[in-house]
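**Q** Numbering (this note's numbering), first residue to last: 574 to 674. We treat Cβ as the ideally placed atom computed from N, Cα and C, and that holds for glycine. Owing to the predicted nature of the structure, the values given are computational and were not obtained by experimental measurement. Quick one: the structure is below, questions incoming.
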């Protein structure tokens with residue numbers, strides 16, 4: 574499994590049709606290319622593409638500033654929501670790597 578820096582992960586944001594679309598949840602990188610239409614620019618989940626979206630997923634937020642791996646200060650309920658999202662991605666999409674800090 575490959576380690577990606579945040580900068581490397583950002584290249585897989587759906588803007589280049591030649592590259593797959595990746596996003597990270599809790600530091601695990603998933604290939605969401607099979608749902609590219611939901612993650613490409615201008616679409617509902619495009620804000621998550623090419624980033625670790627942990628905070629945003631836990632907070633049920635589509636704000637770009639929430640698409641960060643930092644979960645500091647999140648409530649227990651938000652952390653449980655994040656765990657549910659992780660389980661969803663783990664079931665649905667292949668894991669391609671880990672995010673290195």
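Could you say which of 616, 645, 664 and 622 lies nearest to residue 586 if we only look at CA atoms?
**A** On the chain shown, residue 586 is found 13 positions in, with the first residue counted as 1. Closest by alpha carbon: 622.
**Q** Under a three-way DSSP split, which group does residue 601 fall into?
**A** Translated into the one-based positions of the chain shown, residue 601 becomes position 28. Residue 601 falls in the strand class under three-state DSSP.
**Q** Tell me whether residue 623 sits in a helix, a strand or coil according to DSSP, three-state version.
**A** Sequence index remark: in the chain shown, residue 623 carries index 50 (1-based). Coil at residue 623, not helix or strand.
**Q** Secondary structure at residue 596, three-state DSSP: helix, strand or coil?
**A** For this step, residue 596 is matched to residue 23 along the chain shown. Three-state result, residue 596: strand.
**Q** The alpha helix (DSSP H) with residue 665 in it runs from where to where?
**A** Numbered from its first residue, the chain shown carries residue 665 at position 92. Here the alpha helix (DSSP H) through residue 665 covers 649-665.
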